[in-house]
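Q: Before I ask anything, here is the structure I am working with.
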Amino acid sequence: MACSTRTMVVACLVLLVAGSSLGAAGLPAGGSSAEDRVEELLARMTLDEKIGQMTLFTSTWAQTGPVMDAGYLDHIRSGKCGAVFNALTASYTRYLQTIAVRETRLGIPLLFGYDVIHGHRTIFPIPLAESCSWDLAAIERAARIAAIEAAAEGLHWTFAPMVDIARDPRWGRISEGAGEDTWLGCRIAEARVKGFQGDDLSRPDTIAACAKHFAAYGGAQAGRDYHTVDVSDRTLEEVYLPPFQACVRAGVRTFMTAFNEIAGIPCTGHRGLLTSLLRGRWAFTGLVVTDYTSINELVPHGFAADLAEAGQKAVLAGVDMDMQGGVFMNHLRRQVESGDVPLARIDEAVRSILRLKADLGLFDDPFRYCDEAREKRVVFCARHQAEARAIARKSMVLLKNDGATLPFPPGLRSLAVIGPLAEAQVDLLGNWHGAGDGGKVVSILQAVRERVGPGCEVRYAKGCEVDGKGRSGFRAALEAARGADAVLLVLGERETMSGEAASRTDLDLPGVQNDLAEAVARLGRPTAAVLLNGRPLTLTRLDAAVPAILEAWFPGSLGGRAIVDLVFGDAAPGGRLTVTFPRSVGQIPLYYNMKNTGRPVVGEEKYTSRYLDCPNTPLYPFGHGLTYTTFAYDSLHVDPPAIDAGKPVTVTVNVRNTGKRTGEEVVQCYLRDVAASVTRPVRELKGFRRIRLEPGESRPVEFLLGPGDLAFLREDGTWGTEPGEFKVFVGGSSATTLEGSFTLR
Ligand code: BGC
């Protein structure tokens, strides 16, 4: 049945021209509303065609690009598959779309999905890194660019944003989220949804977003991926669910169910979550897709005896589309015929799928996203690369910088570049780098060489591998470092060491990298470490060894150049941590907004909530991050000192640049409800401002805290405020000691 793409394109154009008053699916194009068109189509569909729409299959990869399994191709032809993922490029999606539109009875266009997580071909920093920019406009722009590139390659739908709050860095997927804080997570979720979807989904450069993984996937016990989640209803409501609700409010078009169970009910079969909460309380009207084979996994979960029961439970719980499991395809027809699954539920699911296709404009022109000319023009274009470089610089967090080791001074005559990741290319992209091409990435070593020019001798030695025990490279590394004007260590994880199915129990730098860093640092040269990694690491040894550490995360396509921009002071690091860095794995879970306990630590007192062998405090707290200047805070005012319920309070602080360079500070405002009907966290982020100050410049910064900021889930199960004292903390991290207070009458 091989047929060249060109033949398909011509055939399809003929079809479209011939039936010019008809859109795809043979429906009248103009006049009738999307809703009417969906209903008309639904009325003409057989049960098998409906189930086909509820089925999503993947394409696989060959050397030359994506290919469709012959069996799946047959399914597309026979109308048994309504959506495809991992198929991309304008010409390949055009080829598959032509089959769907020309060869199926109703000509319903396919929906093309893909994991466009942090960029499409131009790769941005991993989502955790991007969140550290605390720059919502930049985060939105990054998602916008990802959508522009993906849409030009035929894609309609991204499986992003991942909005799972994660408090356990053992969990590799912490790299895909926005960190540990729910409030910030909500703001970032909204920015990403807006970036992907824009204001108008029918524009050919916007794509549908997908809030995933619903829900509480980040709560996996012991940080082991896919593991059981058992959290209280309060933690679910207050910590894990709000970013999903923020996505609904931002108009997200799709949701993905999580692999995990919550307190005994796997999310893919969780009626309470998918129907009562999502469609009921939150009034979500979009499409719910499963995660990859997560219906099938209801069997090993012990929630269904066989696949038929698994499918039935999933569809009745509210799932509309089966990702890759083929369960709906194989079992749903019989269940509808026997009355075990009401046809009305099937119609509801199909309606949500067709509505999305209609809103994407696919019934008007199924090929509007397959545009080779646009693809050539926008993909990995210079403007997108410049944006990627800018946000990479903002995402990197300067964890320590004793003696102003960074930036390296001008005029270095020699620089040793040491470490297993100095020449890395694909690792700079990080996990889930979509269609990003490691071959196009400039390594840190190459970027250094280009930056310093011929006047500076760059001495490179790998030193060791990322993991493993080999030390045979130490000698060359020490030789390179000895006598060098400065040393840049490039350490961390390979990109595959975080992300899905990449949990770790040991969060130190892998292998012998700490030993290498210690040996090099002992030479006493000005030494800075740059880290590539996808999660907080326990950096206690490195912190003790080297004077400067720049957390670069996995910074994306332009990451090598962005790192070099910062290391040589062409730009200043702008990131602040959105996740706590523990001293030791034994402290996990460790997050800034914990409860106080009845026995908080007081000095050295024994019978308090503490460890014998480690302080309670993190190595680097949430919100922390240095730059090449310093800031001082004073004059904190809370006005008025007492408010009535429903009224706002204004918090003002003065921030001054006390250093010698222009710099950006992220001014953070935290709140504590001192006593309430349920205990409240010791601090909760309620606002932030990113400001830029010239040396010596000072500026007042204001936060308005409204009733919503003071509200919580009260003992009686309602959201609201309670009278009493509130403390306010403002500063450059969650550990700030500058505090004020007010009373709610
Ligand atoms: C992941 C999802 C992803 C899906 C499709 C799954 O394994 O959990 O996040 O969207 O695969 O690639």
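Mapping of the sequence shown onto our numbering: residues 24 to 768, in sequence order.
Even for Gly, the Cβ is constructed at its ideal location relative to N, Cα and C.
In angstroms, rounded to a whole number, what distance separates the CA positions of lysine 492 and tyrosine 137?
A: Whole-angstrom Cα-Cα distance: 38 Å.
Q: Taking one C-beta from the segment 526–541 and one from the segment 477–490 each time, how about it: are there three or more such pairs within less than 8 Å?
A: They touch, by the three-pair rule.
Q: Of all the beta strand (DSSP E) runs that stay within the bounds of the segment 593–679, which reach a length of 3 or more residues?
A: Complete beta strand (DSSP E) runs here, min 3: 654–662.
Q: Would the beta-carbon of aspartate 223 be found less than 7 Å away from any heavy atom of the ligand BGC?
A: Incorrect: aspartate 223 has no Cβ contact closer than 7 Å to the ligand BGC.
Q: Among the residues of its own chain, which have a CB less than 7 Å from the CB of glycine 426, if the five just before and after it don't count?
A: Result list for glycine 426: Pro570, in chain order.
Q: Note down, in chain order, each residue of its chain lying with its Cβ closer than 8 Å to the Cβ of alanine 507, except the 5 sequence neighbours on either side.
A: Counting only Cβ-Cβ distances below 8 Å, and skipping sequence neighbours, we find Ser437, Leu438, Ala439, Arg482 and Arg548.
Q: Following the continuous beta strand (DSSP E) through glutamate 688, name the residue where it begins and the one where it ends.
A: Residues 686–696.
Q: Can alanine 665 and threonine 744 be called in contact, C-beta distance under 8 Å?
A: No, these two residues do not count as a Cβ contact at 8 Å.
Q: Mapping the DSSP letters down to three states, classify alanine 427 as helix, strand or coil.
A: Helix.
Q: Alpha carbon to alpha carbon, how far is arginine 210 from tryptophan 84? Give it in angstroms, no decimals.
A: When rounded, the distance between both Cα atoms is 35 Å.
Q: Measure the alpha-carbon distance for tyrosine 392 versus proline 663 and round it to whole angstroms.
A: Those two C-alpha atoms are separated by around 54 Å.
Q: Taking only the alpha-carbon atoms, compute the straight-line gap between phenylalanine 182 and threonine 229 and give it to the nearest angstrom.
A: Roughly 14 Å between the two C-alpha positions.
Q: In three-state DSSP terms, what is histidine 354?
A: Correct three-state label for histidine 354: helix.
Q: Take proline 51 and list the residues in its own chain whose beta-carbon comes closer than 6 Å to its own, dropping the five residues that flank it on each side.
A: Confidence at proline 51 is low in this model, with a pLDDT of 49, below 50, so the placement of that residue should be treated as unreliable; the coordinate-derived value is given next. Excluding positions up to five away in sequence, the list is empty.
Q: Which whole runs of the beta strand (DSSP E) in the segment 117–143 are 3 residues long or more, in chain order?
A: Within the segment 117–143, the complete beta strand (DSSP E) runs of at least 3 residues are 134–137.
Q: Excluding sequence positions up to five away, which residues of its chain have a Cβ less than 7 Å from the Cβ of lysine 417?
A: Contacts found: Ser156, Asp158, Ala161, Gly597 and Gly598.
Q: Let's test the definition: count the other Cβ atoms within 10 Å of the Cβ of leucine 581 and tell me whether it reaches 16, buried, or not, exposed.
A: Flag for leucine 581 reads buried.
Q: Could you check whether leucine 451 and glycine 583 sit closer than 8 Å to each other, using their CB atoms as the reference points?
A: Contact: yes.
Q: Taking the alpha carbon of arginine 276 as the reference point, which residue from Phe267, Asn283, Arg679 and Phe282 has its own alpha carbon closest?
A: Among Phe267, Asn283, Arg679 and Phe282, the Cα nearest to that of arginine 276 is on Phe267.
Q: Who are arginine 167's beta bridge partners in DSSP?
A: Answer is none; arginine 167 lacks a bridge partner.
Q: Going straight from the alpha carbon of asparagine 747 to that of threonine 702, what length do you get?
A: Residue identity check: residue 747 is glycine in the sequence provided, not asparagine. If you take the alpha carbons of glycine 747 and threonine 702, they lie about 13 Å apart.
Q: Here's the rule I'm using: 16 or more other beta-carbon atoms within 10 Å means buried, otherwise exposed. How should tryptophan 455 be labelled?
A: Buried, since its Cβ has 16 or more Cβ neighbours within 10 Å.
Q: Would the beta-carbon of aspartate 187 be found less than 7 Å away from any heavy atom of the ligand BGC?
A: No, the Cβ of aspartate 187 stays beyond 7 Å of every heavy atom of the ligand BGC.
Q: Assign leucine 635 to one of two classes, buried (16 or more other C-beta atoms within 10 Å of its C-beta) or exposed (fewer than that).
A: Result: exposed.
Q: Look at the Cβ atom of leucine 383, then the Cβ atom of histidine 179, and state whether they are nearer than 8 Å.
A: Yes, Cβ-Cβ distance for leucine 383 and histidine 179 is below 8 Å.
Q: Take every Cβ of the segment 394–409, pair it with every Cβ of the segment 88–101, and state whether three or more of those distances are shorter than 8 Å.
A: With the cut-off at 8 Å, the segment 394–409 and the segment 88–101 do not touch.
Q: Use the C-beta contact count for glutamine 86: other C-beta atoms within 10 angstroms, 16 or more gives buried, fewer gives exposed.
A: Burial call: exposed.
Q: Run the proximity test for tyrosine 95: is its beta-carbon closer than 7 Å to any non-hydrogen atom belonging to the ligand BGC?
A: Because no heavy atom of the ligand BGC lies under 7 Å away, the Cβ of tyrosine 95 does not count as near it: no.
Q: Return the bridge partner residues of glycine 710 from the DSSP annotation.
A: Answer is Cys692.
Q: Report back the beta-carbon spacing between tyrosine 115 and proline 89 to the nearest angstrom; my notes put them in contact at under 8 Å.
A: Confirmed, Cβ separation roughly 6 Å.
Q: So, is the C-beta of leucine 129 closer than 8 Å to a C-beta in chain B?
A: Absence of chain B from the displayed structure is noted, only one protein chain being present.
Q: Keeping to the same chain, check which residues put their C-beta closer than 7 Å to that of leucine 727; ignore five residues upstream and five downstream.
A: Closer than 7 Å at the Cβ level, and outside the excluded window around leucine 727, lie Pro671 and Thr673.
Q: What did DSSP end up calling methionine 520 once you bin it into helix, strand or coil?
A: Helix, per DSSP.
Q: Would you say threonine 258 and serine 317 are within 8 Å of each other, going by their C-beta atoms?
A: For threonine 258 and serine 317, no; Cβs fall outside 8 Å.
Q: Using only Cβ atoms and a threshold of 5 Å, which residues come within that distance of a heavy atom of the ligand BGC? Order them by chain position.
A: Going along the chain, the residues that qualify are Asp138, Phe182, Asp314 and Tyr315.
Q: In angstroms with no decimal places, state the Cα-to-Cα distance between alanine 372 and methionine 77.
A: One C-alpha to the other measures close to 7 Å.
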